[in-house]
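First up is the structure itself, then whatever we jot down about it.
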Amino acid sequence: AQSVTQLGSHVSVSEGALVLLRCNYSSSVPPYLFWYVQYPNQGLQLLLKYTSAATLVKGINGFEAEFKKSETSFHLTKPSAHMSDAAEYFCAVSEKGATGNQFYFGTGTSLTVIP
Amino acid sequence: EAQVTQNPRYLITVTGKKLTVTCSQNMNHEYMSWYRQDPGLGLRQIYYSMNVEVTDKGDVPEGYKVSRKEKRNFPLILESPSPNQTSLYFCASAGTGVSYEQYFGPGTRLTVT
Numbered sequence: 002a003q004s005v006t007q008l009g010s011h012v013s014v015s016e017g018a019l020v021l022l023r024c025n026y027s028s029s030v031p032p033y034l035f036w037y038v039q040y041p042n043q044g045l046q047l048l049l050k051y052t053s054a055a056t057l058v059k060g061i062n063g064f065e066a067e068f069k070k071s072e073t074s075f076h077l078t079k080p081s082a083h084m085s086d087a088a089e090y091f092c093a094v095s096e097k098g099a100t101g102n103q104f105y106f107g108t109g110t111s112l113t114v115i116p
Numbered sequence: 011e012a013q014v015t016q017n018p019r020y021l022i023t024v025t026g027k028k029l030t031v032t033c034s035q036n037m038n039h040e041y042m043s044w045y046r047q048d049p050g051l052g053l054r055q056i057y058y059s060m061n062v063e064v065t066d067k068g069d070v071p072e073g074y075k076v077s078r079k080e081k082r083n084f085p086l087i088l089e090s091p092s093p094n095q096t097s098l099y100f101c102a103s104a105g106t107g108v109s110y111e112q113y114f115g116p117g118t119r120l121t122v123t
């Protein structure tokens with residue numbers, strides 16, 4: 002079974018500063034990797050996904066993530082934080098099984114943007 | 011509009027009273043899944059389904075049942091709910107292309123007293 006580790010359950014940045022949210026996964030085989038965002042009282046929305054096509058993945062709202070196999074990491078970044086980026090962020094991994102893909106999520110990182 | 015719908019959105023019930031949370035998607039997706047979200051634990055997969063009549067356990071299946079008799083519907087059944095099943099539940103669906111990109115429903119907040 003996979004495991005996903007998100008370092009830092011709470012991250013605070015100033016508006017305009019770099020956003021860096023960390024994610025490490027356990028698999029030795031490159032899996033499918035995802036970042037989701039959850040705004041208060043809403044469901045999850047896909048930010049971006051890695052499917053082995055390119056190691057640097059660009060997503061919505063100016064976010065991007067880099068897959069580093071040697072570090073088993075998939076950290077999420079955004080050059081300049083905006084107040085609207087305040088939300089909960091989840092990293093996820095999918096693992097192919099005999100009857101379909103099983104998904105494993107990290108415990109989430111709550112991002113606060115300080116004006 | 012492409013969407014995943016869940017009903018009810020909020021439910022308060024008592025221990026042992028059977029309940030069903032419905033999930034429906036209009037995207038003709040093969041893959042559907044249920045998750046529970048608890049503070050500090052993130053999302054944990056309960057059950058998933060690759061297609062009609064094909065279901066499998068996720069990480070936390072105990073106390074739950076599912077069925078997939080139609081492609082668009084994937085109900086979650088709690089036959090004898092207990093207080094430790096108080097949680098926020100999400101249904102998701104995905105096409106079975108390369109990456110299984112999931113679309114999530116709005117969530118069902120369940121309280122078992």
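Top line first, the protein sequences correspond to chains B and H.
First residue of the first sequence? That's 2 in this note's numbering, and the numbers climb one at a time after it.
First residue of the second sequence? That's 11 in this note's numbering, and the numbers climb one at a time after it.
Where is the CB? At the ideal position from N, CA and C, for every residue including glycine.
Asked                                                                                                                                 : Found
Distance CB(S13(B))-CB(T113(B)) smaller than 7 angstroms                                                                              : yes
Assigned exposure category for G9(B) - 16 Cβ within 10 Å defines buried                                                               : exposed
Environment of M84(B) [buried if 16+ CB atoms lie within 10 Å]                                                                        : exposed
Proximity test, Cβ basis, 7 angstroms: V64(H) and chain B                                                                             : yes
For K81(H), the first and last residue of its enclosing beta strand (DSSP E)                                                          : Where K81(H) is concerned, there is no enclosing beta strand (DSSP E), given that its DSSP letter is neither H nor E.
Contacting residues, own chain, Cβ-Cβ under 8 angstroms from Y58(H) (five flanking each side not counted)                             : Y41, M42, S43, W44, T65, D66 and G68
D48(H) versus D86(B) - alpha carbon distance                                                                                          : 22 angstroms
CB contact below 7 angstroms: S27(B) versus chain H                                                                                   : no
Under 7 angstroms between C-beta atoms of I87(H) and T123(H)                                                                          : no
Contact with chain B by H55(H), beta-carbon distance below 7 angstroms                                                                : It should be noted that the sequence gives Gln, not His, for residue 55(H). Taking Cβ atoms only, chain B reaches closer than 7 angstroms to Q55(H), which makes this a yes.
Cβ separation of T118(H) and L21(H), assumed to be a contact under 8 angstroms, to the nearest whole Å                                : 7 angstroms
Residue of Y51(B), L48(B), E96(B) and T6(B) minimising C-alpha distance to L51(H)                                                     : T6(B)
Within chain H, partners of L8(B) - CB distance below 7 angstroms                                                                     : Those within 7 angstroms of L8(B) in chain H number zero; the least Cβ separation is about 13 angstroms.
Best match in L120(H), S97(H) and M60(H) for proximity to A99(B) [C-alpha to C-alpha]                                                 : M60(H)
Residues, ordered as in the chain, of the segment 37 to 48 of chain H that lie near chain B by beta-carbon distance below 8 angstroms : Y41, S43 and Y45
Rounded C-alpha distance that separates T73(B) from I56(H)                                                                            : 25 angstroms
Minimum length 3: unbroken beta strand (DSSP E) runs contained in the segment 21 to 73 of chain B                                     : 33 to 39, 45 to 51, 57 to 59 and 65 to 69
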